[in-house]
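Protein chains in written order, with our numbering: chain A, 1 to 72; chain B, 1001 to 1146.
Quick reminder that beta carbons are idealized off the backbone N, C-alpha and C, glycines included.
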């Protein structure tokens, strides 16, 4: 892992086309701006993990027959 | 008419018309493959399977969210809207389903719906405040089990 110290207003380049801006620091919260190409999705890490887990759980589903909503 | 064959481990041999192949430029989060097709829809249209064309053992049950959550809303970030760039009226919305043994164990991921439009699919993050990753699909069954 690369560790870099940055001040508010400074930026980091990732490759040629992703720019990470350090916008604001208040207490232990950092506001970050990410400029990335349209084709590159940007996720909060905890949401990415939660969605990955749900996708994998869905793909592991056992039943062949899906229920009818009318049953509920 | 050209077709694609999936030797599905779940459904046996499936013949998919080329125009029904959905391209996911960014795949599904955490899963491989970029080409999928919707197969095995239930008669009422509530459920179907999003089947990988590249991996014959990979299929996810998906649901039409409005069959279960009448007031469901998808709120996209500007970046996601720009990526999809379609008239919202032409976008089909699906949510992945975590299927369980009992109805009370079925959940839908309302946070990360799959948007399909003109042969392209994107799994996006829904910014709406009430969009849990694991929402009970059959709340009445959950209440009855409690």
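Going by C-alpha positions, residue 35(A) is about 27 Å away from residue 1130(B).
By alpha-carbon distance to residue 1054(B), the top candidate from 1136(B), 1005(B), 1072(B), 1108(B) is 1005(B). As a beta-bridge residue in DSSP terms, residue 1007(B) pairs with 1013(B). Where residue 1141(B) is concerned, there is no enclosing beta strand (DSSP E), although the alpha helix (DSSP H) around it starts and stops at 1139-1145. Unbroken beta strand (DSSP E) runs of no fewer than 3 residues, entirely contained in the stretch 1032-1105 of chain B, are found at 1035-1039, 1047-1052, 1059-1063, 1092-1098, following chain order. Here residue 1075(B) has 1126, 1127, 1128 as same chain residues with Cβ atoms under 7 Å from its own Cβ, once five neighbours each way along the sequence are excluded. Cβ proximity to chain A below 8 Å picks out 1025, 1026, 1028, 1029, 1030, 1031 from the stretch 1024-1036 of chain B.
For residue 32(A), the closest Cβ of chain B is not nearer than 8 Å. Remark: three or more beta-carbon pairs, one from each stretch, lie closer than 8 Å, so the stretch 1092-1099 of chain B and the stretch 1052-1069 of chain B are flagged as touching.
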